[in-house]
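Chemist: Got a structure here, written out as structure tokens. Questions coming.
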Amino acid sequence: MKELYERKVTELKTKLDATKRLLSTPEKERPPNQRASDRPSDLVPERQQREEKEKESLHEELHELKKENKLLKESNALVNRKKEHYECEIKRLNKALQDALAIERSSFPEDRLGKSEEERSHEEMRTEMEVLKHQVQIYEEDFKRERSDRERLNQEKEELQRINQTSQSQLNKLKSKIKACQMEKEKLEKQLKQMHLPTCNCSLDFHLWDAGAPTRPGAVQDLRTFPVSARSHSSKSVLAEHSVSVKLCLSLAHSIVYGKSLYFISASNLQLRRSMHTIVFVIW
């Protein structure tokens, strides 16, 4: 039973150390895939779910520790009851031994009664010494056994209390981190709501911003400045020259339909963005 508790304590220590290392690892030291997973717009819910799972596992471990603590208390009470039983049994045996000695002294033959008082006292002393030695040996063995059991139980109790305190502190840290993640998620949702996208009557329900257009708040690009003839004439050349851009545009439209986040092309690729803008108008 002791080995089982020690093994459980070792496993709990290993889990706690791994969780501490995971939480204390800086972002620069994490692998690229883990740093990419920290992007709030992609995997914030996954990190929150992972922390909730860790929280649930810590709750379960805490519950198991409470159960083990209860079992240890029950075993300690059982040891105390055994101790009381042994003490009562020793008293009973001492009384029975004294009664037996008294009966033996009363049943001595007449010739034994004629012995001197000194010889009888020596025999009684030897008998009492043997009885006392035997009692001392029994008391010593019981005392050592009880002391070792008590020390072991106290050590296990202290270890479980330390693990309980560590689990509680770890649980509080995880709660604070979950709260911070929720606040970060709300902040990102507000930022996404504040993003302004121009609307039109086309079937794609979105437009790409032109890098040369004004970016002040409330400024909307004019999406319908091309004549019909110029637009039909430019559609043939654009569709022939920028088929790759068409595929990219359609994939972005597919992402918008399914509610995914839209990351715009960087300003360095200005020509491709303008071509995509023109293709959107042609389709419209």
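Residues 1 to 284 (full-length UniProt numbering) are what the sequence shown spells out, left to right. All C-beta atoms in this analysis are idealised placements derived from N, C-alpha and C, irrespective of residue type, glycine included.
Could you check whether residue 51 and residue 177 sit closer than 8 Å to each other, using their CB atoms as the reference points?
Modeler: In contact: residue 177 and residue 51 (Cβ atoms closer than 8 Å).
Chemist: Roughly how many whole angstroms lie between the Cα atoms of residue 77 and residue 19?
Modeler: The alpha-carbon atoms of residue 77 and residue 19 are separated by roughly 36 Å.
Chemist: Is residue 21 closer than 8 Å to residue 181 when the C-beta atoms are compared?
Modeler: No, they are not a contact pair.
Chemist: Residue 12 and residue 163 look like a contact to me (Cβ under 8 Å); what is the Cβ gap, rounded to whole Å?
Modeler: With a Cβ gap of about 6 Å, residue 12 and residue 163 count as contacting.
Chemist: Give every residue of the same chain whose Cβ lies closer than 8 Å to the Cβ of residue 159, excluding the five residues on either side of it in the sequence, and list them in chain order.
Modeler: Closer than 8 Å at Cβ, skipping near neighbours: 9.
Chemist: Is residue 101 near residue 153, with beta carbons less than 8 Å apart?
Modeler: For residue 101 and residue 153, no; Cβs fall outside 8 Å.
Chemist: Going by C-alpha to C-alpha distance, which of 90, 99, 96 and 61 sits closest to residue 171?
Modeler: Measuring from the Cα of residue 171, the nearest candidate turns out to be 61.
Chemist: Please return the same chain residues whose Cβ sits closer than 7 Å to the Cβ of residue 97, not counting the five positions on each side in sequence.
Modeler: Excluding positions up to five away in sequence, the list reads 131.
Chemist: Taking a contact to mean a Cβ-Cβ separation below 8 Å, would you say residue 146 touches residue 83 in this structure?
Modeler: Closer than 8 Å, so yes.
Chemist: My output table needs one value for residue 195: the three-state DSSP class, helix, strand or coil.
Modeler: Note: residue 195 maps to coil in three-state DSSP.
Chemist: Using C-beta distances below 7 Å, list every residue in its chain close to residue 166, excluding the 5 sequence neighbours before and after it, in chain order.
Modeler: Cβ neighbours of residue 166 beyond the five flanking positions: 16.
Chemist: Could you give the C-beta distance for residue 149 and residue 86, rounded to a whole number, given that I count them as a contact under 8 Å?
Modeler: Actually they do not touch by this definition, with Cβ atoms about 13 Å apart.
Chemist: Rounding to the nearest angstrom, what Cα-Cα distance links residue 14 and residue 75 in this structure?
Modeler: One C-alpha to the other measures close to 27 Å.
Chemist: Among 124, 59, 58 and 68, which has the Cα closest to the Cα of residue 156?
Modeler: Among 124, 59, 58 and 68, the Cα nearest to that of residue 156 is on 68.
Chemist: What does the Cβ neighbour count give for residue 65, buried or exposed, with the cut at 16 atoms within 10 Å?
Modeler: Residue 65 comes out buried.
Chemist: Identify, in the order they occur along the chain, each residue of the same chain with its Cβ nearer than 7 Å to the Cβ of residue 195, setting aside the five sequence neighbours on each side.
Modeler: Counting only Cβ-Cβ distances below 7 Å, and skipping sequence neighbours, we find nothing.
Chemist: Applying the criterion that 16 or more other CB atoms from any shown protein chain within 10 Å of the CB defines a buried residue, is residue 54 buried or exposed?
Modeler: The residue in question, residue 54, is buried, as its Cβ has 16 or more Cβ neighbours within 10 Å.
Chemist: Suppose you measure from the CA of residue 94 to the CA of residue 58; what does that come to, to the nearest Å?
Modeler: Their Cα atoms are separated by approximately 54 Å.
Chemist: In whole angstroms, give me the CA-to-CA distance for residue 202 and residue 193.
Modeler: Per-residue confidence for residue 202 stands at a pLDDT of 49, beneath the threshold of 50, marking its modelled position as unreliable; the derived number appears in the next sentence. So the two alpha carbons sit approximately 22 Å from each other.
Chemist: When you compare each of 136, 144, 127 and 122 to residue 91 by their alpha carbons, which one comes out closest?
Modeler: Of the candidates 136, 144, 127 and 122, the one whose C-alpha sits nearest the C-alpha of residue 91 is 136.
Chemist: Mind checking residue 214: buried by the 16 CB within 10 Å criterion, or exposed?
Modeler: Confidence at residue 214 is low in this model, with a pLDDT of 46, below 50, so its placement is unreliable and the value that follows should be read with caution. Exposed: under 16 other Cβ atoms inside 10 Å.
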